[in-house]
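Colleague: If you scroll down you'll find the structure; I have some questions about it.
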Amino acid sequence: MRTIDRSRIGVPALVMALVCLAGCASVPSGGRVVSGRSAERAEPIAEPYVRLVPVRPRRDWAPEDIVKGFLIASAAFDDDHEVAREYLTPAANAAWRPGHRPQVIVLQSAPSISPPPAVGAEALVEVAAARLGRIGSDGQYTAQPDTYTTSFGLARDSAGQWRIDRMPTDLQGGLLLDMSDVDRAFRVLNLYFFDPDGKVLVPNGIFLPLVNRQDLARQLVAALLAGPTGWLRPAVRSYFPPGTRLEGAGVAIADGVATVNLSAAAYPADHARMAAQLSWTLQRLPEVRRIKLQIAGETVEPAGRGPIQSTEDWEQYNSDTSRGGTEEIVYLRGPDGRPHQLLVNDATPAGTTGEDHLHRPALSPDQRIAGLDEAGDTVLSGDLMGGTPVRPVLETEHSDGRFTAPSWDPRGTLWSVELFRGGSTLWMRPGKGQQPVQVQQWELASHKVLALRVARDGVRVAAIVETDDGRQLRLGRIVRGPGGVVGVGEFLPIGSDLVDVTDLAWGDSNSLAVLGKTKATATQVTPYWVPVNGGGITPVGSGSLGEAKSITAAPGSRIVIGAEINGKNSICRQSDLRDWRFGEWKCDPLGSEPTYWS
Amino acid sequence: MTRARGRLLPSGSRRPGARVAGPRVAAGLRAHRLHRARRFTRRGLGAGKRFVRRWVLRFYTRWRRSIQVRIVIWTLLISGVVVAILGVFLMQQITNALLEGKEKSALLQLDEGLGVLRRELAPGRVPEVTLKDVTNQLKARSGPSGLYEVYVRDTREQFSGGFTTNEVRHQSVPERLLEQVRDDRIGTRHSTYSEISYVGREPVPGLIVGAGDGRYELYYLFPLTQEQHTLTTVGNTLVGVSAVLVVLLAGIASLVTRQVVIPVRLAAQAAERLAAGRLGERMKVRGEDDLARLATSFNEMAGNLQDKIVELQELSQVQRQFVSDVSHELRTPLTTIRIAADMLYEHREHFADPPVGRSAELLQSQLERFESLLADLLEISRHDAGAATLDAESVDVRDLVLRAVGDTEGLAERKGSKLVLQLPGEPCMAEVDRRRVERILRNLLVNAVEHGEGQDIVVSVGADRDAVAMAVRDHGVGLKPGEAQLVFDRFWRADPARARTTGGTGLGLSIAREDAQLHGGWLQAWGAPGKGSQFRLSLPRTAGAELRGSPLPLVPPETELPRAPFTGGLTSPDGPISLTVPEQPGPAPEPHPPLPGPQHASPDVRAEAGVAARDTEVIGGPVAGGSGSGLRPRPGTAGLRPVSEPEEGR
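Same order as they appear, the protein sequences are chains G and X.
Residue numbering for the first sequence is 65 to 662, as defined by my numbering.
Residue numbering for the second sequence is 254 to 903, as defined by my numbering.
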């Protein structure tokens, strides 16, 4: 009886087990949807890159072939230019030290190499090309458009083969590469330093050769320890004490944690700010999510943040942090000329004080408002929500002077350029109730500056400068010398693809939102997203904007454009921040000249 | 080694003198340390070896003894081999399937790449597209996901070797693939497995596919890290599952074997107990399976055996009773006949016819013989019935010897033999039954005189702390090999053809042995053809004590072989058993059936039958050789009692 029972249960159980097993053994053809987070940042550094395969010199190559082969092979960084060195005589080989961060003369295209006029025991090969600029050994790119010529001296080696014996002096520690080689072999990466007050991190874009992707973290840390580029050096400070070195073989990355082991020299310094600099610098690498700072092999816990930190731990130093984590409020000049606050589909008056009919309004972080009067020759400022009323604070020095739209920096300093025939003057009003001062060291004094915006880090400024080629974007930096001497200069051209720039705003610490044209032939001014460190520009949004006049942007917030559509002042926005590249502009006739807090 | 050093170092540091004492002392110390360390090592090694040997031995014993262990180990081995073969086969299948899929998709990828290459680099295209641009297009699909890397080159370009993506080195493409692609340029696709090397990274195994398109050559390099990882995972899983499976199988084998082995063990135990004489032993019958049938048959067999044995015992009892009764019944007529014969004998000279007188004399002597025979029969039936009692008193054994010698002296003189006494100076006191010991001695002496051929007969007495011994040595014809065991059999005669004119009844030695046995002593015989024989009686000093050895050797020292020192073993209880056979001189020592001693019996049996076995064996030691079974119970206890041992032995 018992056995019968058992068999009755056993057969279905066996069948069930077999069915289960059969199910396990096959690939599922159904099931629920599984979600996962996509890669957070699509960094250019994460993209695949291409390496050139160099060729060794062949037998009986002519001198010009040797030079050509050398120039091509020197674009391959593998094993300290091992192949390129075969084109050199031992003496030249010993003298040529491009190293890991070589100086590069950037050419427009492959140089023209002329065969030597006379071939004796020595041969002289001339190389000529259109130069675009140069990358310094600190990674700073400087534009230097001109024609570049140089010559290589060649000699025969013991086997009777031509080899480069004499390098041009400016190539002893560097390379001669054309644009496409630089694009292929170099990447622009940001190092982060602090503003002089140590409050905000300032990015410093550098060109790093992509010698070895695996070694990039070490290269980045080494570059960070070496300090900012010459361009930014006087304007920022690094919290790594001089003499700090990277200990060990490199930066060990495991499970997204990069361990940076510094030498003991770093011990007496501000660990928190060092960790912040490291976090933000390494955060650009997709494989690094958090960092662990060690000094002489000992893990430090800066500011009680634990042994491992990410950039979120140092959010206080980030100038891109949006207040409250949501989109910021847009203010604008309402139809009646008073400041309005933009709501979803509407705008309500924001200020309450009397004389607040302002053109080109700008808002400071401490709720002050500044703007121009009708004629543009007076800068007015006051508190937005009561307190000090809006009143004139700065008037033009020159009779034909006109002010550009005022700009606040995070310290509460108000900046504006007075533009007059023959040049410009930069004015700053350091604080509430203080008298405006003229900035003495103003590099663009002889240029026509149409707009000037100070970045949220208070160190960098972006300006629109009218040149012979049209209106150009320039990036400069503010140096605060001892005794309150302020210098604004070292302007570098950026966004060279844009020809007719009308307005700009800082989008985040690395990018500008710019109104301009890419080609001189274009009829309409459209918005672009311009990375300040030399990356490609991106058009923003789609659809008609009428005649775009002004633009504003803030980290984590939508770009807002003031445009004139059919003669009416309109405010144009996109419906969704995430779709900023392709989202359609929607315009409402609510006012003009929008602005965020700066 | 480490332990030795750990112990040595502190002792060295505790003695500061060692450092100051100079290099010589230090060297000596070092040598000493080295020596000690070596000794420790050797000791440790020795201990280890001993340990291993012990375990191997233990394992071997278990292996030999237990079917279960054997089956489990065989299951382990066989299932291990099977699982290993299966695992290798499975791994091969999985690897093939994985790589096949990879290869297929790789070739498709290559086709697509070739398509891009052809489309973009078509001659006469405006604007002109360079190889660099195409590589940028091709690279877009590789990237950090690590799906594949690309190597593309222009065979007509002499200043550049082409482009590779990411860190991969162009040397990763093996020469054989380059040659293949170079040889048949267009169309055919080639693939091979090789190692992909990187700048600043460890090389990984990879699949490399390549094809030429006239001017350009395109190679795709697929790292197989993911596949390797998958295979490693699968392999590890397989190993784990196999190990569990093998252990499970062994466990199952162990369980199943237990089901069979336990009843078999129970049967073996039951059989052993049955063999040990516990005839009531039966097996439990459970169920109806084969093992139940085994139990049933076993029980039937045990029942039959028990019935037969009881029957035989009863028969033997009846026979003994018959002999005893016959002896008694014969006595009364014999007394009458005796009176008549005595009368006839007294008047024999008065018979006119001398032959009648002779007949009277003859009658008289045969009657005497008949009487003694009857007496012996009665005596032996008393022993058989267990009615013989020991009337022990403390006596000097020498007195008994002297009296027995005195009794036999006349007979010896008649035979021409001289009785030589070898008695110790001090008294040899022992608790013995005077009458029985005298009878034994008399029997032995008469026996010796009768077979002594007129030679000297040596009677020696020995004593030690626990025992006394008397030995009677004659120099007659001696005993043939094997006869030493037979002499104590009833009615046994050395020469069957010999007339029963001399000596006693043929029961003398049997009775003597029974008497010795009653004392807890031994009666043993030794003999060699032409060298005479010796009988030795060993008795414990206190009645009922266990006899462990004899003060006198069984084999006379003068006849011993060069291996004599071994006779010293005679003092041990097992001595006589193991030595009588090899010591027996003679042309052909009788092949002695191995004596079933304690060392051959299983522990259980020994525990139960040990005492009885030793008693019978030792006492009848040489005699017992004829018997097939060593498991005879003590006389008087319930169980087997051989009725006619000699016959069985023959």
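Each residue gets a CB set at the ideal place from its N, CA and C atoms; glycine is no exception.
Please list, in chain order, all residues of the same chain as residue 161 (chain G) whose beta carbon is under 8 angstroms from its beta carbon, the five residues on each side excluded.
Modeller: Taking the first residue of the first sequence as position 1, residue 161 (chain G) is located at position 97. Cβ within range, chain order: 236 and 237.
Colleague: Throw me the rounded Cβ distance for the residue 334 (chain G) and residue 303 (chain G) pair, which I believe falls under 8 angstroms.
Modeller: Taking the first sequence and counting its residues from 1, the one referred to as residue 334 (chain G) is at position 270. Taking the first sequence and counting its residues from 1, the one referred to as residue 303 (chain G) is at position 239. Indeed, because the Cβ distance is near 5 angstroms, the residues count as touching under 8 angstroms.
Colleague: Might you give, ordered along the chain, the residues of its own chain that have their beta carbon closer than 8 angstroms to the beta carbon of residue 461 (chain X), omitting 5 neighbours on each side?
Modeller: The residue given as residue 461 (chain X) occupies position 208 in the second sequence. So the qualifying residues of the chain are 425, 426, 427, 430, 444, 445, 446, 447, 449, 472, 473, 474 and 475.
Colleague: If you reduce the DSSP assignment to three classes, tell me which class residue 519 (chain G) lands in.
Modeller: Translated into positions along the first sequence, residue 519 (chain G) becomes position 455. It is coil, neither helix nor strand.
Colleague: I need the DSSP call for residue 11 (chain G), collapsed to helix, strand or coil.
Modeller: Only positions 65 to 662 of chain G appear in this structure, which leaves residue 11 (chain G) out of reach.
Colleague: How should residue 580 (chain X) be labelled, buried or exposed, when 16 other C-beta atoms within 10 angstroms of its C-beta is the threshold for buried?
Modeller: Reading the second sequence from its first residue, position 327 is the one you call residue 580 (chain X). Classification of residue 580 (chain X): buried, given that the 10 Å Cβ count is 16 or more.
Colleague: For residue 195 (chain G) versus residue 206 (chain G), is the C-beta spacing smaller than 8 angstroms?
Modeller: Within the first sequence, residue 195 (chain G) is the residue found at index 131, counting from 1. Within the first sequence, residue 206 (chain G) is the residue found at index 142, counting from 1. No, the Cβ-Cβ distance between residue 195 (chain G) and residue 206 (chain G) is not below 8 angstroms.
Colleague: Would you say residue 277 (chain G) lies against chain X (beta-carbon separation less than 8 angstroms)?
Modeller: By 1-based counting over the first sequence, the position of residue 277 (chain G) is 213. Yes - at least one Cβ of chain X is within 8 angstroms of the one on residue 277 (chain G).
Colleague: Kindly indicate if chain G contains any beta-carbon less than 8 angstroms away from that of residue 489 (chain X).
Modeller: As a working note, residue 489 (chain X) is residue 236 in the second sequence. By this cut-off, residue 489 (chain X) is not an interface position.
Colleague: Quick one: which residues of the stretch 451–471 of chain X get their C-beta closer than 9 angstroms to a C-beta of chain C? List them in chain order.
Modeller: Here chain C cannot be found, since the structure's protein chains are G and X.
Colleague: What are the residues that DSSP puts in a beta bridge with residue 258 (chain G)?
Modeller: For this step, residue 258 (chain G) is matched to residue 194 along the first sequence. Answer by DSSP bridge pairing, in chain order: G:265 and G:301.
Colleague: What in chain G is Cβ-close to residue 414 (chain X), meaning under 7 angstroms?
Modeller: To locate residue 414 (chain X), count along the second sequence from 1; it is residue 161. By Cβ distance, chain G contributes 117, 118 and 119.
Colleague: Answer with buried or exposed for residue 873 (chain X), where buried requires no fewer than 16 other C-beta atoms within 10 angstroms of its C-beta.
Modeller: Working through the second sequence from its first residue, we reach residue 873 (chain X) at position 620. With a pLDDT of 36 at residue 873 (chain X), under the threshold of 50, the predicted position of this residue should be treated as unreliable, though the coordinate-derived value follows. Buried: at least 16 other Cβ atoms inside 10 Å.
Colleague: Straight-line CA distance for residue 291 (chain G) to residue 284 (chain G)?
Modeller: As a position in the first sequence, residue 291 (chain G) is number 227, starting the count at 1. As a position in the first sequence, residue 284 (chain G) is number 220, starting the count at 1. One C-alpha to the other measures close to 11 angstroms.
Colleague: How about residue 653 (chain G) and residue 632 (chain G): are their beta carbons less than 8 angstroms apart?
Modeller: Here the question's residue 653 (chain G) lines up with position 589 in the first sequence. Here the question's residue 632 (chain G) lines up with position 568 in the first sequence. In contact: residue 653 (chain G) and residue 632 (chain G) (Cβ atoms closer than 8 angstroms).
Colleague: If we require 4 or more residues per run, which alpha helix (DSSP H) segments fall completely within the stretch 428–457 of chain X?
Modeller: Runs of the alpha helix (DSSP H) inside the stretch 428–457 of chain X: 428–436.
Colleague: Determine the burial state of residue 80 (chain G): buried for a count of at least 16 other Cβ atoms within 10 Å of its Cβ, exposed for fewer.
Modeller: The residue you call residue 80 (chain G) lines up with position 16 of the first sequence. Counting Cβ neighbours within 10 Å, residue 80 (chain G) comes out exposed, since fewer than 16 surround it.
Colleague: If you count every other CB in all the chains shown that lies within 10 Å of the CB of residue 713 (chain X), and 16 or more means buried, which is it?
Modeller: Taking the first residue of the second sequence as position 1, residue 713 (chain X) is located at position 460. Buried, because 16 or more other Cβ atoms sit within 10 Å of the Cβ of residue 713 (chain X).
Colleague: Find out if the Cβ-Cβ distance for the pair residue 537 (chain G), residue 557 (chain G) is shorter than 8 angstroms.
Modeller: Residue numbering aside, residue 537 (chain G) sits at position 473 when the first sequence is read from its first letter. Residue numbering aside, residue 557 (chain G) sits at position 493 when the first sequence is read from its first letter. Contact: yes.
Colleague: Since I believe residue 627 (chain X) is in contact with residue 584 (chain X) (beta carbons under 8 angstroms), could you give me their beta-carbon distance rounded to a whole number of angstroms?
Modeller: Sequence index remark: in the second sequence, residue 584 (chain X) carries index 331 (1-based). Sequence index remark: in the second sequence, residue 627 (chain X) carries index 374 (1-based). Confirmed, about 7 angstroms.
Colleague: How big is the Cα-Cα spacing for residue 560 (chain X) and residue 533 (chain X)?
Modeller: Locating residue 560 (chain X) in the second sequence gives position 307, where the first residue counts as 1. Locating residue 533 (chain X) in the second sequence gives position 280, where the first residue counts as 1. Approximately 11 angstroms between the Cα atoms of the pair.
Colleague: Counting pairs of Cβ atoms below 8 angstroms between the stretch 182–191 of chain G and the stretch 155–170 of chain G, do you hit three or more?
Modeller: No: the two stretches stay apart, fewer than three of their Cβ pairs being nearer than 8 angstroms.
Colleague: At a Cβ threshold of 8 angstroms, is residue 201 (chain G) touching chain X?
Modeller: As a working note, residue 201 (chain G) is residue 137 in the first sequence. Residue 201 (chain G) does not count as touching chain X.
Colleague: In whole angstroms, what is the alpha-carbon distance linking residue 723 (chain X) and residue 779 (chain X)?
Modeller: Working through the second sequence from its first residue, we reach residue 723 (chain X) at position 470. Working through the second sequence from its first residue, we reach residue 779 (chain X) at position 526. Computed Cα separation, rounded: 14 angstroms.
Colleague: In terms of residues, what are the limits of the beta strand (DSSP E) holding residue 414 (chain X)?
Modeller: Taking the second sequence and counting its residues from 1, the one referred to as residue 414 (chain X) is at position 161. Segment 413–418, the beta strand (DSSP E) holding residue 414 (chain X).
Colleague: Would you report the Cα separation of residue 251 (chain G) and residue 82 (chain G), rounded to the nearest angstrom?
Modeller: In the first sequence, residue 251 (chain G) corresponds to position 187, counting from 1. In the first sequence, residue 82 (chain G) corresponds to position 18, counting from 1. Approximately 57 angstroms, taken between the alpha carbons.
Colleague: Less than 8 angstroms separating the beta-carbons of residue 591 (chain G) and residue 615 (chain G)?
Modeller: One-based indexing of the first sequence puts residue 591 (chain G) at position 527. One-based indexing of the first sequence puts residue 615 (chain G) at position 551. Against a cut-off of 8 angstroms, the Cβ pair of residue 615 (chain G) and residue 591 (chain G) comes out as a contact.
Colleague: Can you give the Cα-Cα distance for residue 635 (chain X) and residue 540 (chain X), rounded to whole angstroms?
Modeller: As a working mapping, residue 635 (chain X) is identified with position 382 in the second sequence. As a working mapping, residue 540 (chain X) is identified with position 287 in the second sequence. Cα to Cα, residue 635 (chain X) sits roughly 51 angstroms from residue 540 (chain X).
Colleague: Is there a C-beta anywhere in chain X that falls below 8 angstroms from the one on residue 173 (chain G)?
Modeller: The residue you call residue 173 (chain G) lines up with position 109 of the first sequence. No, residue 173 (chain G) lies away from the interface with chain X (no Cβ there is under 8 angstroms from its Cβ).
Colleague: Smallest Cα separation from residue 178 (chain G): which of G:143, G:404, G:127 and G:136?
Modeller: Along the first sequence, one-based indexing puts residue 178 (chain G) at 114. It is G:127 whose Cα lies nearest to the Cα of residue 178 (chain G).
Colleague: Would you say residue 285 (chain X) faces chain G, with C-beta separation under 8 angstroms as the test?
Modeller: Against the second sequence, residue 285 (chain X) aligns to sequence position 32. Output row for residue 285 (chain X): interface = no.
Colleague: Please classify residue 78 (chain G) as buried or exposed, where buried requires at least 16 other C-beta atoms within 10 Å of its C-beta.
Modeller: As a working note, residue 78 (chain G) is residue 14 in the first sequence. Exposed: under 16 other Cβ atoms inside 10 Å.
Colleague: Shortest alpha-carbon distance to residue 342 (chain X) belongs to which of X:721, X:796 and X:488?
Modeller: Sequence index remark: in the second sequence, residue 342 (chain X) carries index 89 (1-based). Closest by alpha carbon: X:488.
Colleague: Find out if the Cβ-Cβ distance for the pair residue 288 (chain G), residue 345 (chain G) is shorter than 8 angstroms.
Modeller: Here residue 288 (chain G) refers to the residue found at position 224 when the first sequence is read from its first residue. Here residue 345 (chain G) refers to the residue found at position 281 when the first sequence is read from its first residue. Contact flag set, yes.
Colleague: Have a look at the DSSP bridge pairing and note the partners of residue 505 (chain G).
Modeller: Counting from one through the first sequence, the residue named residue 505 (chain G) turns up at place 441. Bridge partners of residue 505 (chain G): G:551.
Colleague: I think residue 610 (chain G) touches residue 398 (chain G), with their Cβ atoms under 8 angstroms apart; what is that distance to the nearest whole Å?
Modeller: By one-based count along the first sequence, residue 610 (chain G) stands at place 546. By one-based count along the first sequence, residue 398 (chain G) stands at place 334. Rounded, the Cβ-Cβ distance is 19 angstroms, inconsistent with contact.
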